[in-house]
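> Take this structure first; my questions come after.
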Amino acid sequence: MATFRTLIWRAVGRSTLLTRALRRIAPSPFRFIAGKPLERWLLTYDLGRRSLALANDPAVVEAVMQDRTGAFPKSAALGALLRPLIGAGVFGQPGGPEVRETRKLYSRALAAIPDEVVVEVTRTVTERYFQRWLRSGALERLPFCTEMSRMTVDIVALCTLGATFDPEESERFAELFFEYHQRAVPLLLLPVADDSTLHAHIVDHMELATIGSAMRMLIRDRFVTPLLTGDHAVRAAPFATQLIEAGLLNPTSDTAERAVDEIAVMLLAGHETTASVLSWLFWELARSPERQAAIASLLPAEDHEAVASEEADQAAQALIKEALRLYPPIAFFLRDADKPTTFRGKPILKGSFFVIAPWTLHRHRKLWEAPDEFRPERWQGQGPGCPRAAYIPFGMGPRTCPGARFAELEAQQIVRLLLGRFRFTPSMSDQPEPLGSLTSRPDREIYLSLTRRVNEAEAERDEPRCPITGEAPQRRIQLLRRSLLRSLWRVGTGIDVARLFPGHTPLGLYESNHGLLFFHPAIEGDARFYSEFYSRVDMHERLIRELLSRVEYRRAARHVRPGDRVLDIGCGVGAFRAHVPDARFLGLDPFAPAEADSLVLREDAEQHCRAHPATYDVVTAFQVIEHLAQPRRLVASMVEALKPGGLLILCAPLHPSPMTALPNFLLNAPPHHLSWWNRPAFEALAGHCGLEVIELAELGASPHEGMIHWMERLCASKTAYDRDGRYFAHRWDWHLSLGLAWGLAHLAHRIRALPPRSRPVSVLLVARKPGQALDATP
């Protein structure tokens, strides 16, 4: 019988087709752990040429995991599965002095990262993801597993390596890693675990090499190449420092590949635990709105800088511990028995497998009360009172995960921020199951629907603050009903903005002490809104058609010298490049159209600026900050990206102007425009950012603004005539006069682009960052 099995597996090792077939029909290991594995202390199974022991006795678990005699090294089967991805990385190695030394690199690197840094980086990255979700319209059906993978990879990369993947790379990285999980099937290796040649053949037939190679290329290009070429910011990062000291970053192919091996381990092991447990945790919470609400009530809703109470901290810790208990990231620790031994009277022969399964330990009927139920409250007070070896989500003994503290801090921050900001409900009907190949991550994407948690009562208590200074406004100009905004957008453009303006609490239009007008609450348009907006309103087409005639581009170009490094944020197609042909131009726009210039990156502006401090001579943002709820935060990151003496150039719609004179004018309303600017407002912004104003000017009209000017000339009703000082109202004379003005303006605009003596509609700021200006030559 054993010979027959051997022949079968040799055939599998020689046939890609057979391996593919077995991979598809191979049962999940979780099918074998119902019943006895959750009730017995020690079970043994005959695998033909060797046996397999599953231990749940805490004493046996501790003996195997501590492995004080060196009798239970990590199984070679796991190393074979991981080799296409992590090469000779420490995670796939059985043990020995070299492994112990390499593990010290990880321990030292992680110990060098203060808790405060982990917390701050996690908050910053999480907030960026919040903003991207809001902009992209993904809240209705968020692919939660993918987003948690991308977010946690960014966090661990920033903390340990000082850089991150760009958005497209991180999405690709997460997709590839999930595909790797799906293709890797450890069960196919167990029957031939003592035949390394068959191991290699079967792994080849799983087609892991192509995926592993693609992931390694992403790691090499983003992290290893900058390290080898002397990027000082990256080389100063904690893990990079350890790799350099260990001699793994010499510019030779061998050491470069070893660096890829260990960076792959750091990124994959460093993010997968947190991503997996958060995916399962929020799946459980999405199905328990009462528990969600109870915990969220302890957390600050919108201010991610606010400090949660001690009770909130304990609640978050209990949630994470219970998720780690019920869904341990590594469900099975596979060890080889290098020596014969006996446990609980059962002989374990040399060459056998030993499985320590956190999945069965954490659900064992004799160790836990209601073991299959999600009960975070079991961790309150004195805790569940289980033996130490009954709860091992991060392993145990000399191979305990060195990043456990990092993962717990990171997960706690993400839980607080997510639950404080959003409500979660399932957006799928099927039930995810653990994959059970390499980790217990869900076997399919988990789709969740997210709703902003700020309710009407909270919104009423939420005091408006100037987005420049944070001060209370000078006055409220008007209240704006959400129903009116929804109706105006639906009738005027055919765009449904109801998802952005739920409820009935009105928005306010306020004036700051510095003359800035702003809406509160500030609700930004998302990617879905702008996709519909540009497809229905021909403004985007006009902008592209009349790029070279834009007044703000011509005016700003006067301040750019040949050789200057120029970063243009929110650049669209990258039109400003044509005005500065001798500069070294780079554009950023996460929603850049397909026809965008080749030098336009689809990256998050704040993230790029923070990652490239003191890099650019000129940083620009034309008609961008009026779309943002927190414009000063973007401007602060732009200033950070400037060299000392560098120039910041901003342009925004002007108030008062023909645009603000038109009643119910949607181009100047939320969720499109959230603030109206003028010279005093820009002066205040420059002052609060520590900049010296070089030029501050109201600009003449550009041809693409002709429709606005003609409409203002031909509109019978103006906001200045409203006795209540309103800009938006349900008034039939306003609706009719605006509609008539729009029709007449179309005719007039065809005859003449701009009316005579057109008034300015934009204001331009040019300001210098303190410090000595640097030479612009390369």
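Just so we're aligned: 647 in our numbering is position 557 of the sequence shown, and the numbers increase by one with no gaps anywhere.
For every residue, glycine included, the Cβ atom is placed at its ideal position computed from N, Cα and C.
1. For A806, collect the residues of the same chain with a Cβ closer than 7 Å to its Cβ; drop the 5 residues on either side in sequence, then sort them by chain order.
2. For the region 205–224 against the region 499–507, are there 3 or more C-beta pairs whose distance is under 8 Å?
3. Assuming the contact rule is C-beta atoms closer than 8 Å, D528 and L789 should be a hit. Round their C-beta distance to whole Å, please.
4. Starting from A135, follow the beta strand (DSSP E) in both directions and report where the run begins and ends.
5. Within 10 Å of its beta-carbon, does W822 have 16 or more other beta-carbons around it, so buried, or fewer, so exposed?
6. Evaluate K164 with the Cβ neighbour count: other Cβ atoms within 10 Å of its Cβ, from every protein chain shown; 16 or more gives buried, anything less gives exposed.
7. Among residues of its own chain, excluding the 5 on either side of P474, which ones have a beta-carbon nearer than 7 Å to its beta-carbon?
8. Among the residues of its own chain, which have a CB less than 8 Å from the CB of V641, if the five just before and after it don't count?
9. For E685, is the classification buried or exposed, using 16 other Cβ atoms within 10 angstroms of its Cβ as the cut-off for buried?
10. Only counting runs of 3 or more residues, tell me where the beta strand (DSSP E) segments fall wholly within the region 135–168, in order along the chain.
11. Only counting the same chain, and skipping five residues up and downstream in sequence, which positions put a Cβ closer than 7 Å to that of A726?
12. Any beta carbon of chain D sitting closer than 7 Å to that of A719?
13. Per DSSP, which residues does A742 bridge with? Please list them.
14. Suppose you measure from the CA of L333 to the CA of R377; what does that come to, to the nearest Å?
15. Closest by CA to G485, which one among A124, A349, V151 and L855?
16. Residues bridged to T541 by DSSP?
17. For the region 692–703 against the region 726–741, are there 3 or more C-beta pairs whose distance is under 8 Å?
18. What residue range is occupied by the uninterrupted alpha helix (DSSP H) comprising P379?
19. Between the region 550–570 and the region 595–609, do three or more beta carbon pairs fall short of 8 Å?
20. Let me check understanding here. Comparing Cα to Cα, which of L834, H669, R348 and T710 lies closest to A742?
21. Run through DSSP, which three-state label would S827 get?
22. What is the C-beta distance between E802 and H763, in whole angstroms, given that I count them as a contact (C-beta under 8 Å)?
23. Following the continuous beta strand (DSSP E) through Y600, name the residue where it begins and the one where it ends.
24. Report the partner residues of P233 according to the DSSP bridge assignment.
25. So within the region 553–580, which uninterrupted beta strand (DSSP E) runs reach at least 3 residues, ignoring any that extend past its ends?
26. Look at the alpha carbon of D654 and the alpha carbon of F681, and state the distance between them as a whole number of angstroms.
27. In the DSSP output, what is W767 paired with across the bridge?
28. Taking the alpha carbon of F464 as the point to measure from, which residue in I410, E347 and I353 has its own alpha carbon closest?
29. Pick helix, strand or coil for T529, following the three-state DSSP scheme.
30. Assuming E467 is part of the beta strand (DSSP E), what are its boundary residues?
31. Reducing DSSP to helix, strand and coil, say where P734 ends up.
32. Please state if the CB of L414 and the CB of P483 are separated by a distance shorter than 7 Å.
33. By the three-class DSSP mapping on this structure, what secondary structure does P611 have?
34. Can you give me the C-alpha to C-alpha distance between I446 and E129, rounded to a whole angstrom?
35. Between V663 and G796, what straight-line distance do the alpha-carbon atoms span, to the nearest angstrom?
36. Checking 7 Å against the spacing of the C-beta atoms, do N768 and H799 come in under that value?
Taking the definition as stated:
1. Excluding sequence positions up to five before and after A806, its CB lies within less than 7 Å of the CB of S827, all in the same chain and listed in chain order.
2. Yes, since at least three Cβ pairs between the region 205–224 and the region 499–507 fall closer than 8 Å, the two stretches touch.
3. Looking at the sequence itself, residue 528 is Leu, so the reference to Asp does not match. Cβ atoms of L528 and L789 stay farther apart than 8 Å, at about 58 Å.
4. Sequence check: residue 135 is Tyr here, not Ala. According to the DSSP assignment, Y135 belongs to the beta strand (DSSP E) that extends over L132 to D136.
5. Under this definition W822 is an exposed residue.
6. Buried, because 16 or more other Cβ atoms sit within 10 Å of the Cβ of K164.
7. Close CB contacts of P474 within its chain, under the 7 Å cut and outside five residues either way in sequence, are with W458 and R468 (chain order).
8. Answer for V641: L789, G790, A791, S792 and S852, listed in chain order.
9. An exposed status is given to E685, since fewer than 16 other beta-carbon atoms sit within 10 Å of its beta-carbon.
10. Correct list: 141–145.
11. Once the five neighbours on either side are set aside, the close Cβ partners of A726 are C779.
12. Here there is only one protein chain, and chain D is not present.
13. Beta-bridge pairing links A742 to V853.
14. Answer to the nearest angstrom: the Cα atoms are 44 Å apart.
15. Per the Cα distances, V151.
16. According to DSSP, residue pairing for T541 in a beta bridge involves R513.
17. These segments touch.
18. Boundaries of the alpha helix (DSSP H) harbouring P379: P379 to A386, taken from the DSSP string.
19. The region 550–570 and the region 595–609 touch, with no fewer than 3 CB-CB distances between them shorter than 8 Å.
20. Closest by C-alpha distance to A742, out of L834, H669, R348 and T710, is T710.
21. Helix.
22. With 8 Å as the limit, E802 and H763 do not qualify as a contact, their Cβ atoms being about 16 Å apart.
23. It spans L597 to E601 - the beta strand (DSSP E) in which Y600 sits, taken as one unbroken run.
24. Its beta-bridge partners are Y537.
25. If we require 3 residues or more, the beta strand (DSSP E) runs fully inside the region 553–580 come out as 565–570.
26. So the alpha carbons of these two residues sit roughly 25 Å apart.
27. In the DSSP secondary-structure assignment, W767 is bridged to L744.
28. It is I410 whose Cα lies nearest to the Cα of F464.
29. If DSSP states are grouped into helix, strand and coil, T529 belongs with coil.
30. E467 -> no beta strand (DSSP E), and no H or E assigned at all.
31. Secondary structure at P734: strand, using DSSP grouped into helix, strand and coil.
32. Inclusion of P483 and L414 in the CB contact set at 7 Å is warranted, their separation being smaller than that value.
33. Coil at P611, not helix or strand.
34. If I take the Cα positions, the gap works out to 14 Å.
35. Answer to the nearest angstrom: the Cα atoms are 21 Å apart.
36. No, the Cβ-Cβ distance between N768 and H799 is not below 7 Å.
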